[in-house]
């Protein structure tokens, strides 16, 4: 479902990762690990098509991808329901009741997002993923500011509702999500200092 | 696209949305002019069309940097970029919502403010017409400028610098139409040219805006 | 070998190194010679007196002010399509030169305006067009300076240059519509072949125009070389920091 082939990607015109290859079948997920600055965000953004790779290919069914980062696109002047409804409409869908249940947002439906705590906001951001119905997810630190209980909530949703329904996901995280999925340490893929293909290559 | 438009309109009328700021600015600028140039009708009447157009333009300029900046800060923009609507549609929707929240109220209020400047009686309808035709172009051009400067700290001033030269043709034709309306000469040519600029902007600039957004999101 | 290989930064540095001094020398000879001829070896005009001689600065500067923007447009399009770094850097290098040319044209025009029109500034179509052109240069350069990442800056300024060109042309027609103006018609209408200026003034003017053209090329080459060196330093520093 997701096929990454010999990918090399750059941050600010400088190659950071190279020779990244893996494949995911429906129902499979991959955890990205590695120290800060190794290029997890860059890799996720490249796979999501937000920036072009220097070389290599990323293949998934057109229009099946979604990207989520720490900034979750939540408007503080809109209520929880309004926020979710907006993203659903953008994706031509309606908000399933299960999205509220999966992230324990029932009691917060009519609260303005601006009045939510950081963790509640984060849950709202994750609920967006349940609403837009995309099957290939690229998640950057999805559990920042979540308590253990909420992390389990997210892991349950990921395992049962997303992977269980044939979706797949690439997740960059530092903590143990409690998901039984393989992890990929990116350290061996750090691009060599003289790796070519960067924006400056023509000038060296 | 409609959903995005509705969300932006809803946000603009909620707390902190800034709806009406441009309008208040417009009012203050127009009221300040007589204090600056003197209360003499002989002076005010001929400059009224130009003052109203320049003030409307500045009021529109004031809110441009909010068009993409808020979506950029809270991370909505990359999410919209990976959503099924094309970025060109996002650009178009942003321009339309800016027009509805800024350009349209300005257009409606401008004839009222014309009274304060002793504008010639024949000019009111043409002021309304030229702003109705020209204000959408101001929003679309401004959206393009906002897309160019979206990732920049302190992009607001730069945005004005980039956008003002692009506003010149619209301003010239728009104010010219009102002036001609005031002295009763033919308004068709400048009005049509304003309309052509607006149509041209909406036909071409969404693509340039989307290109600039893609570059800035990289 | 395709002509595009000359656009590789290293190749560009190689072939421009010997060209730059020659271009400066030739432009110096032409500009100094043309100005000297124009200022001291032509008779004063009947109507205008000696003030008309400012034309030898005014017209070539105005010509290059417009051509510089045109060159930036071509370079921007080349960058967008073929992504040759030298092209983007050349566009960046040309902007300040074009802006200075615009300022020279405006200032000499104002100085000339006083004796002929009795005022330094009129909102005449040509003067206004150059004022607008000046604003475009200002915005273009400000955008280059504001963005850290060189490739992002090159992309965004290219988009601005292309869109700006359309609006610049639009402004030019708007300005004519807006005010018919005092400025005389062009002295050297290329299209019709006729001209409103006698041979005795024309020949030094042509020499000055060529001189300014070559001076522009020399300055842009020099500035582009500087930009390439700056970019190379940046690249080397970045690589050293990574190693």
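Chains as they are written, first to last, in my numbering: chain A, -3 to 200; chain Y, 3 to 220; chain S, -8 to 234.
C-beta: ideal position from N, C-alpha, C; glycine also.
Closer than 7 Å to chain Y by CB, residue i
i	result
residue 65 of chain A	yes
residue 89 of chain S	no
residue 68 of chain A	yes
residue 18 of chain A	no
residue 82 of chain A	yes
residue 205 of chain A	Summary: the structure shown does not reach residue 205 of chain A, with chain A confined to residues -3 through 200, and so no result is reported for it.
residue 123 of chain S	yes
residue 169 of chain S	yes
residue 13 of chain A	no
residue 156 of chain S	no
residue 109 of chain S	no
Three-state secondary structure (DSSP) of residue i
i	result
residue 47 of chain A	coil
residue 47 of chain S	helix
residue 75 of chain A	strand
residue 53 of chain A	strand
residue 262 of chain S	In the structure displayed, chain S extends from -8 to 234; residue 262 of chain S sits before or after that span and is not available.
residue 146 of chain S	helix
residue 91 of chain A	coil
residue 171 of chain A	coil
residue 41 of chain Y	coil
residue 61 of chain S	helix
residue 201 of chain A	Since the first residue of chain A shown is -3 and the last is 200, residue 201 of chain A is not available in this structure.
residue 88 of chain Y	coil
residue 65 of chain Y	coil
residue 1 of chain Y	An answer regarding residue 1 of chain Y cannot be provided, because it is not within the stretch 3 to 220 covered by chain Y.
residue 24 of chain A	coil
residue 14 of chain A	strand
residue -2 of chain A	strand
residue 156 of chain Y	coil
residue 99 of chain A	coil
residue 4 of chain A	strand
residue 180 of chain Y	helix
residue 183 of chain S	With a pLDDT of only 46 at residue 183 of chain S, under the threshold of 50, the placement of this residue in the model should not be trusted; the figure read from the coordinates follows. The answer is coil: DSSP assigns residue 183 of chain S none of H, G, I, E or B.
residue 109 of chain A	helix
Beta carbon proximity, residue i to chain A, threshold 7 Å
i	result
residue 99 of chain Y	no
residue 144 of chain S	no
residue 233 of chain S	yes
residue 42 of chain Y	no
residue 116 of chain S	no
residue 151 of chain Y	no
residue 78 of chain Y	yes
residue 76 of chain S	yes
residue 34 of chain S	no
residue 83 of chain S	no
residue 222 of chain S	yes
Contact check, residue i vs residue j, beta carbons under 7 Å
i	j	result
residue 109 of chain Y	residue 137 of chain Y	yes
residue 9 of chain Y	residue 82 of chain A	yes
residue 85 of chain S	residue 53 of chain S	no
residue 79 of chain A	residue 86 of chain A	no
residue 151 of chain Y	residue 161 of chain Y	yes
residue 66 of chain S	residue 56 of chain S	no
residue 95 of chain Y	residue 7 of chain Y	yes
residue 163 of chain S	residue 120 of chain S	yes
residue 14 of chain A	residue 179 of chain A	no
residue 168 of chain A	residue 28 of chain A	yes
residue 67 of chain A	residue 153 of chain Y	no
residue 89 of chain Y	residue 112 of chain Y	no
residue 148 of chain S	residue 135 of chain S	yes
residue 195 of chain A	residue 0 of chain S	no
residue 6 of chain A	residue 50 of chain A	yes
residue 52 of chain Y	residue 124 of chain Y	no
Integer-rounded CB distance, given that residue j should sit under 8 Å from residue i
i	j	result
residue 131 of chain A	residue 160 of chain A	Actually they do not touch by this definition, with Cβ atoms about 12 Å apart.
residue 186 of chain A	residue 10 of chain A	Not really, about 12 Å apart at Cβ, beyond 8 Å.
residue 16 of chain A	residue -2 of chain A	Actually they do not touch by this definition, with Cβ atoms about 12 Å apart.
residue 35 of chain Y	residue 119 of chain Y	7 Å
residue 127 of chain A	residue 84 of chain A	5 Å
residue 93 of chain Y	residue 212 of chain Y	5 Å
residue 128 of chain Y	residue 61 of chain Y	Actually they are not in contact, since the Cβ atoms of residue 128 of chain Y and residue 61 of chain Y sit about 19 Å apart, beyond 8 Å.
CB contact check: residue i to chain S, cutoff 7 Å
i	result
residue 199 of chain A	yes
residue 196 of chain A	yes
Would you be able to state if there are at least three C-beta pairs under 8 Å between the segment 90 to 99 of chain Y and the segment 52 to 67 of chain Y? Output reads no: the segment 90 to 99 of chain Y does not touch the segment 52 to 67 of chain Y.
Do three or more CB pairs link the segment 110 to 128 of chain A to the segment 47 to 56 of chain Y at distances below 8 Å? They do not touch, by the three-pair rule.
Would you check if the segment 122 to 137 of chain S and the segment 87 to 94 of chain S touch, i.e. whether three or more CB-CB distances between them fall below 8 Å? In this structure the segment 87 to 94 of chain S lies against the segment 122 to 137 of chain S, because at least three pairs of beta carbons, one per stretch, are closer than 8 Å.
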